[in-house]
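In full-length UniProt numbering, the protein residues as written are 1 to 323.
We put the beta carbon where it would ideally sit given N, CA and C, even for glycine.
Heads up, the thing below is written out as C-alpha cells.
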C-alpha cells in the first residue's frame, strides 16, 4: 500500500477565524442557507422526477408507491449510486451552483477544484419501517496525514433529530491518528484498504472515553453539511413521516490529483460513471464496489435520463478540462 505522508493537507492546529475552525475542532460544520429553500425544493422535485422515470410504479403524490418494489435499486433505505444518477443534469446543476462551490474554495484556498461523482439520498417514511444497524466508519486512510478530504451533504428537505441522516462522532477526527497508532487495523473495507475503515462498538467506546460525543446532525433545506473524512460517521433511517433528500457533494483542489487519476477521472466522466466520495483520489468505477447490486436486473441504464450541459466550469470540475 502506498504511503501518503507528503500529500497537501490542513492540519488540526490551523486556524482561520471562521467556520473552518469549527470544522477542524469538531470534525463537522453546518453552513446555513447555502441555497434558498425554494431552490432546494426545486432539486427535490427533480429527484422525484428521476424516480418516476423508472417503470416500477413510483409516484411522488402517492405514498402507497413509496416502497422498495416501486423504486430502483438503492442501499441503506434510499442511497442511490447506480443508473448513472451521478451524472444526471440536476446533479451537475447542483454541483455547479456558485454558492455550493464557494465554501470549498474558501476551505482549500483555491478556485481550481475537482468534484466527486457521488450519488444522492431520497429516503421515504415507509411502514413497516426498515432497520439499518449503525456502520461507523471513516473515509480516509490512516496513511494519509491531516485533513485531505472534506465530504459534503447538500441538504434539501427539513432534517431534524428524528428525520434520519448523518451521525458523527464529534471531535473524533482529532483522535484519528492516535487511534490507528494504538490499534491494529482490520483487513478489508467497503472500497479499498486505502480509504475506508469500519469501527466496532468497542472502537466507538474508545473515542467516547476520550470525550467524543455522538451527534445526529440536523439541517434545514438549503444547508450544506461538511465533515472531515477522518471523522467517525454513519447515517440513520428516519423515525418520522418526513422524507430525507440530500446530494453528496465533495470538492478538493485539482493540484491534489495525480496525472493518472485525472486521466481516469476524465474517462469515467465521459462514460457517465460514478466514483467515490473522493474528488482527486480513489478514482475507480462505483460499480466495482458492489457489482451485485444490479446484476440480473431487467431494467438498467448506463447513461443519464437527462444529459448534463458541459460548460467550461463543469468540465474543469469533472477533470475533463485542465485549469
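Residues near residue 107 in its chain [Cβ-Cβ closer than 7 Å; skip 5 each side]: Within the same chain, Cβ atoms closer than 7 Å to the Cβ of residue 107 are found at 20, 150, the five residues on either side in sequence being excluded.
Member of 32, 223, 71 whose CA lies at the smallest distance from the CA of residue 47: For the options 32, 223, 71, the alpha carbon positioned closest to that of residue 47 is the one of 71.
Assigned exposure category for residue 201 - 16 Cβ within 10 Å defines buried: It is exposed - the Cβ of residue 201 has fewer than 16 other Cβ atoms within 10 Å.
Inter-stretch contact at 8 Å, needing at least 3 Cβ pairs: the stretch 161 to 178 / the stretch 215 to 234: Yes: the two stretches touch, three or more of their Cβ pairs being nearer than 8 Å.
Residue 203 beta carbon near the ligand NAP (any heavy atom closer than 7 Å): Absence of the ligand NAP is noted for the structure shown, with no ligands found whatsoever.
Beta-carbon proximity of residue 237 to residue 212, cut-off 8 Å: Contact flag unset, no.
Collapsed DSSP secondary structure at residue 235 in the structure displayed: Three-state result, residue 235: strand.
Any chain D beta carbon closer than 8 Å to residue 69: Protein chain content of the structure displayed is limited to a single chain, and chain D is not contained in it.
Cα-Cα separation, residue 161 to residue 42: Answer to the nearest angstrom: the Cα atoms are 24 Å apart.
Selected residue, minimal CA-CA separation from residue 98, among 216, 34, 215: Answer by Cα proximity: 34.
Close Cβ partners of residue 92 (< 7 Å) along its chain, the five nearest in sequence each way excluded: Excluding sequence neighbours, residue 92 sits near 308, 314.
Residue 216 versus residue 136: straight-line alpha-carbon distance, rounded: Between residue 216 and residue 136, the C-alpha separation is close to 13 Å.
Length of the line joining the Cα atoms of residue 142 and residue 229: If you draw a straight line from the Cα of residue 142 to the Cα of residue 229, it comes to about 11 Å.
Buried or exposed (CB count within 10 angstroms, at least 16 for buried), residue 14: The residue is exposed, with fewer than 16 neighbouring Cβ atoms inside 10 Å.
Classification of residue 291 by the beta-carbon crowding that lies within 10 angstroms, buried from 16 upward: Residue placement at residue 291 is flagged as unreliable, the pLDDT there being 48, under the threshold of 50; the coordinate-derived value follows with that caveat. Around the beta carbon of residue 291, fewer than 16 other beta carbons sit within 10 angstroms, so the residue counts as exposed.
Between the CA atoms of residue 31 and residue 242 - distance to the nearest angstrom: One alpha carbon belongs to residue 242, the other to residue 31, and they sit about 21 Å apart.
Contact check, residue 278 vs residue 195, beta carbons under 8 Å: When the beta-carbon positions are compared, residue 278 and residue 195 come within less than 8 Å of each other.
Exposure of residue 219, with buried meaning 16 or more beta-carbon neighbours within 10 Å: Buried: at least 16 other Cβ atoms inside 10 Å.
Cβ shell of residue 221 (< 7 Å), same chain only, five flanking positions each side left out: Excluding residues within five positions, the ones whose Cβ falls inside 7 Å are 37, 40, 41, 155, 156, 157, 158.
Paired residues, beta bridge with residue 121 - DSSP: Partner(s): 79, 246.
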